[in-house]
Amino acid sequence: MSEEHDLLDNIFDGFLRGPKIFKDREVLRPDYVPEHLPHRNEQLQQIGEILVPVLRGFRGSNLFIYGNTGTGKTAVVKHVLDRLIHKGHEIGASVEGCYLNCRLIGTDYRILARLGESLGIKIPFTGLATNEVFERFKSELNVKHTLIIVVLDEIDALVKAQGDALLYELTRINENLKNGRLSIIGISNDLRFKELLDPRVLSSLSEEEVIFKPYIATEIKDILLERAKISFVENTLSDGALNLCSALAAAEHGDARRALDLLRIAGELAEREGSLVVNESHIRHAGEEIEQDRVVTVLKTLPLHSKLVVCGTYLMKKVRTEGSITGDIYEVYKELCGQLNLEALTQRRVSGLINELDIIGLLNARVVNLGRYGRTKKVRLGVSYSIVKDVFNEDVWLNQVMTYSPKCIGEKNN
DNA sequence: CGTCCACAGGAATGACGGGCGG
DNA sequence: CCGCCCGTCATTCCTGTGGACG
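Under this note's numbering, the first sequence has 139 at position 137, and the numbering climbs by one with no breaks.
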């Protein structure tokens, strides 16, 4: 007992005695909405002006917001919405806002359910017809004379998954509503997503548009300075680290969220090693750690058959240099299933799994035409070989097959 | 210039969990 | 409580297709 306790005691004491880096690390978390949003006054003003009619009981225009990740779209919109609702309640107007992230709440049904809940009606998470939920929401809007502002963040995810039927319904909801009004704010980081929309929906949704340009390095630095003031103990953040962090994030599409993540992790690294200040090397290591953590957690939480597909791709890599094609991977996958006494899925399903894995970046897949030799996908690992190896060697199922050598490959090479 | 490969990808199906009206 | 309908998720069925080969 004593050995372990001494070990832990050392860690505890070391942490308590050691230099303190953070005052408040919550401020660096991605969902924190700051009081002040540097370099976004223009957008703040535009959006405010577009929505302000709501305070007089008129519907605000629908609004489409475009900008890369980490350019402050969500923060600005949430900020304006909060203030607007606050003001609305102050003057006794029935104004409501409902913020939804379509990547997290990705079906028509669930979106409508949330909208209903924001008006205070209870809606079961399944069991009702979607249209029924829509009607309930609409009548509640009518009864309460509410002006609701619906924010659909990552709206492209919704349209890609479900089409634009719901958006169409929502944009015309005002037409047959006696009391109550609805306006929509759509947020997307994919401009091409507009092409997926029915022209009627598009024109109605983008009555107004606001664009968020990527931050440049000096702007990111301002943002970081502001947050660092609240989150770090004085003089624990070196100038060099701050500059490097801004520069790295600026190079990566001017993504401020990325910069804040880097800063937070770097701070934790510094704290862990008992350093007095956060310096450049902490920032660099933070970058690596973020990526590695992401990959490891994703790999670990993958469903078994997806793991087997990744594992198959991994095993193929020993033989094929230029990436393997769907058929080969499927063969290896089937052999692995055989080894583990599992029922193999169909090729169609595996093809779907490959697509999903491609989207989350574990695999890189692209369609190629080999003429006579068919139309297929070239697939290779999208992450480092050794991480896959480490994670799967720990896995209860996968460790049995990590050294398996596929027998279906041989004849043709490349 | 037609053929035919080796899949891609849309549509359909089935199982499941759960609300609703009677 | 029952029978019915619903959405969701995971899966299967099956038609469509770009272009090197001959």
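The C-beta atom is built at its ideal place from N, Cα and C for all residues, glycine as well. Model, not experiment: these values are computed from the prediction.
Rounded to the nearest whole angstrom, the C-alpha separation of F127 and V135 is 11 Å. The segment 303 to 383 is shown to contain whole beta strand (DSSP E) runs of 3 or more residues at 365 to 371, 377 to 383, in chain order.
Its chain contains V97, G99 as the residues whose beta carbon lies nearer than 6 Å to that of I87, once the 5 sequence neighbours on both sides are disregarded; these appear in chain order.
With respect to the 8 Å criterion, D200 and D155 are not classified as neighbours on the basis of their beta carbons. At a Cβ-Cβ threshold of 8 Å, V78 and L39 count as neighbours. A residue is called buried once 16 or more other Cβ atoms fall within 10 Å of its Cβ, and F394 is buried on that count. Under the three-state reduction of DSSP output, V390 falls in the helix class. Residue pairing by DSSP places S185 opposite I151 in a beta bridge. Around the beta carbon of Q45, a 10 Å sphere encloses 16 or more other beta carbons of the protein chains shown; the residue is thus reported as buried. Going by DSSP, E209 is part of no beta strand (DSSP E) at all; its letter is neither H nor E. In this structure, DSSP gives V403 a state outside helix and strand, which the three-state scheme calls coil.
Residues V279, V280, N281, E282 of the same chain have their beta carbon placed closer than 8 Å to that of S240, with the five preceding and five following residues left out of the count.
Per the C-alpha coordinates, the member of G325, E119, V152 positioned closest to D84 is V152. For I267, the enclosing alpha helix (DSSP H) starts and ends at 258 to 274. Within the model, the alpha-carbon separation for I52 versus L130 is close to 35 Å. For the segment 86 to 120, the full-length alpha helix (DSSP H) segments reaching 4 residues or more read 110 to 120 along the chain.
Put simply, of K319, L246, G384 the residue whose alpha carbon is nearest the alpha carbon of L364 is G384.
A straight-line Cα-Cα distance of about 20 Å links L244 and E293. Residue burial annotation: V370 is exposed, with fewer than 16 other C-beta atoms found within 10 angstroms of its C-beta. When only Cα atoms are considered, G90 and F60 end up about 12 Å apart. Contact annotation, T76 with I189: C-beta distance approximately 7 Å; criterion of less than 8 Å satisfied. Taking K379 as the centre and dropping the five residues before and after it, the same chain places the C-beta of I327, T328, S353, I356, A367, R368, V369, V370 closer than 8 Å to its C-beta, in chain order. At the C-beta level, I222 and V29 stay beyond 8 Å of one another. In this structure, A253 and I267 do not form a Cβ contact; the two beta carbons are roughly 18 Å apart against a cut-off of 8 Å. Using a Cβ distance threshold of 8 Å, V235 and I23 count as a contacting pair. Shown here for Q349: same chain residues with a beta carbon closer than 7 Å to its own, the five before and five after excluded, namely Y332 in chain order. Taking 8 Å as the cut-off, the beta carbon of L193 is found closer than this to the beta carbon of Y68. Relative to the Cα of G314, the nearest Cα in the group S248, R382, S141 belongs to R382.
If you draw a straight line from the Cα of L168 to the Cα of D158, it comes to about 13 Å. Separation of T299 and I362 (C-alpha to C-alpha, rounded to the nearest whole angstrom) is 12 Å. The beta-bridge partner set that DSSP reports for S190 consists of Y68. Secondary structure at V280: strand, using DSSP grouped into helix, strand and coil. Within the DSSP bridge table, the entry for F139 names no partner. A check of alpha carbon separations from C247 across E228, A219, E273, F14 identifies A219 as the nearest.
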